[in-house]
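Notes to accompany the following structure.
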Amino acid sequence: MKNSQSNKICTRCVADTTIPNISFDKEGVCNFCYLHNEMEKEYPQGKIGAQKLKEIVQEIKNKGQGKKYNCIVGVSGGRDSSFLLYMAVKLGLKPLAVHFDNGWDSPIAVTNIKKSLEKLKIDLETIVVNWEEFKDLQISYLKASVPDAEIPTDVGILGTLHRVAIKEGIKYILNGHSFRTEGVQPLGWTYMDGKYIVAIQKKFGKYPLKTYPNVNLSDLAEVTWQKIKTVPLINYVEYNHTKVQKILEKELDWTYYGGHHQESYYTNFFQSYLLPKKFGIDKRKIEYSALIRSGQMTRENALLKIKTAPVPYEDEMINYVISKLWMTRSEFNKIMALPAKTFHDYPTYYPLIRAFKWPMKMTYKLNLFPKLLYQKLFPKG
Ligand SMILES: [Zn+2]
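Going by our numbering, the residue at position 246 of the sequence shown is 226; the numbering climbs one at a time, nothing skipped.
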């Protein structure tokens, strides 16, 4: 039996002690709620948010004058990226849509992308990953036994956006992340960097990475040198899931796929099977907590939902993932049974990042480094 101490849950949201580095104040409010309050100050809504958004949009327009595109939007067919694209067009921007095709898109996602682009008259650049190489990297991450098994996609998306921005001379990448609906993933649940990718593939993979769009230090240096900025546009506007979905369905003939990040078969497997089954990680706690803080869900409802299993997974889905990765069931079972590890067990840039903690604090205070990223990398407590 776990004692009540080990099961402590925030009195404001539903974040609990299964989350690494969580801490609580005297009233039992967690550090993630405090982080949310900080973010609210950083990205205000209402009049001030509208003014800030206006200034950013003007800046993007000025910098991209005379160009065919003035910003890039990464699209997945999911709600956030579809809305971001819609919003960019409504604000009078000229986005180029970019899609990282990792081979796992669901048919609904593909149709959503196609319809949105047609309706909004936006050009699309798709980067199709080398499947043999990518599949091998995904298997390597499963063998590494870390909860970061989805970062080959996340890093691949980032690397693709960087490459297209550099190639096309576009200075702004719009970001569809909303802290009000998605929250901030704790470091122990998601960590990503390019060195980590290379290290895992070297240790567990069959092939070296030749075409995979990785993001290593030299890529980051190039992006900084070229003054390519990432703008979290959605954070400046009211972002309500129900309202946004209605707009997308009406305006873009968009279809809901049934859950957060369920637009990809692998993400579905990752969030509803691998993470909860193997690592005891239920990411809904982060998402629901964010929705509670932004008034889009009640705490009672979230607590009730969390009691039920994460998105019910189907055997069919697991079999599909196993067969697509060309594994046998027994190979897969062996991987599932491996003891859980973390990114601290492998070479990453993290020790280097830690060594630069103070300079980074200075740079975020000077608004040169995202405060959110700093707070994620150096959690309090
Ligand atoms: Zn909380």
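Where is the CB? At the ideal position from N, CA and C, for every residue including glycine.
Proximity test, residue i beta-carbon vs ligand 1 heavy atom, cut-off 7 Å
i, result
"residue 13", "yes"
"residue 309", "no"
"residue 269", "yes"
"residue 9", "yes"
"residue 282", "no"
"residue -8", "yes"
"residue -5", "yes"
Status (buried if at least 16 other CB within 10 Å, exposed otherwise) for residue i
i, result
"residue 124", "buried"
"residue 129", "buried"
"residue 275", "exposed"
"residue 283", "exposed"
"residue -18", "Here the model assigns residue -18 a pLDDT of 41, short of 50, so the residue's position is not dependable and the matter cannot be decided."
"residue -13", "exposed"
"residue 246", "buried"
"residue 332", "exposed"
"residue 92", "buried"
"residue -1", "buried"
"residue 149", "exposed"
"residue 133", "buried"
"residue 142", "buried"
"residue 313", "exposed"
"residue 277", "buried"
"residue 1", "exposed"
"residue 163", "buried"
"residue 54", "buried"
"residue 267", "buried"
"residue 19", "buried"
"residue -9", "exposed"
"residue -6", "buried"
"residue 325", "exposed"
"residue 310", "exposed"
"residue 60", "buried"
"residue 248", "buried"
"residue 161", "buried"
"residue 222", "exposed"
"residue 42", "exposed"
"residue 306", "exposed"
"residue 273", "buried"
"residue 264", "buried"
"residue 28", "exposed"
"residue 204", "exposed"
"residue 361", "Only weak support exists for where residue 361 lies, its pLDDT of 45 falling under 50; the coordinates are left without a value."
"residue 31", "exposed"
"residue 191", "exposed"
"residue 234", "buried"
"residue 17", "exposed"
Taking contact to mean 3 or more Cβ pairs, one atom from each stretch, closer than 8 Å, check whether the stretch 138 to 149 and the stretch 199 to 215 are in contact. Pairwise C-beta distances place the stretch 138 to 149 in contact with the stretch 199 to 215, as three or more of them are shorter than 8 Å.
Inter-stretch contact (C-beta, 8 Å, three-pair minimum) for the stretch 75 to 94 and the stretch 165 to 175: Not touching, per the Cβ criterion.
Note down, one range per segment and in chain order, each alpha helix (DSSP H) of at least 4 residues found wholly within the stretch 51 to 107. Given a length threshold of 4 residues, each whole run of the alpha helix (DSSP H) inside the stretch 51 to 107 is given here in chain order: 59 to 70, 87 to 100.
If you scan the stretch 262 to 341 from start to end, which runs of the alpha helix (DSSP H) of 4 or more residues do you find wholly inside it? Under the rule that a run must span 4 or more residues, the alpha helix (DSSP H) segments found entirely inside the stretch 262 to 341 read 264 to 273, 279 to 287, 295 to 304, 309 to 317, 330 to 335.
For the stretch 156 to 168 and the stretch 102 to 113, state whether three or more C-beta atom pairs, one from each stretch, are separated by less than 8 Å. Touching, no, given that fewer than three Cβ pairs across the two stretches are closer than 8 Å.
Between the stretch 56 to 76 and the stretch 207 to 220, can you find at least three pairs of beta-carbon atoms closer than 8 Å? Contact holds between the stretch 207 to 220 and the stretch 56 to 76, because three or more Cβ pairs, one in each stretch, are under 8 Å apart.
Tell me whether the stretch 256 to 266 and the stretch 311 to 331 touch, counting them as touching only if at least three CB pairs, one residue from each stretch, are closer than 8 Å. Counting C-beta pairs with one atom in each stretch, the stretch 256 to 266 and the stretch 311 to 331 have three or more that are closer than 8 Å, which means they touch.
Does the stretch 153 to 165 touch the stretch 92 to 105, meaning 3 or more C-beta pairs lie closer than 8 Å? Look at the beta carbons and you see the stretch 92 to 105 not touching the stretch 153 to 165: under three pairs across the two are nearer than 8 Å.
Which parts of the stretch 121 to 189 are runs of the alpha helix (DSSP H), unbroken and 4 residues or longer, counting only runs that do not cross its ends? Runs found: 131 to 148, 159 to 162, 174 to 184.
As an exercise, report each continuous alpha helix (DSSP H) stretch of at least 4 residues that is fully enclosed by the stretch 215 to 255, in chain order. The qualifying runs are 221 to 232, 245 to 249.
Is it true that the stretch 114 to 121 meets the stretch 185 to 193, where meeting means three or more beta-carbon pairs spaced less than 8 Å apart? Enough Cβ pairs lie closer than 8 Å, so yes.
Evaluate contact between the stretch 41 to 57 and the stretch 24 to 31, counting only Cβ atoms and requiring at least three cross-stretch pairs below 8 Å. No: fewer than three Cβ pairs fall under 8 Å.
Which runs of the alpha helix (DSSP H), 4 residues or longer, sit entirely within the stretch -3 to 59? The DSSP assignment places complete alpha helix (DSSP H) segments of no fewer than 4 residues inside the stretch -3 to 59 at 11 to 22, 26 to 43, in order along the chain.
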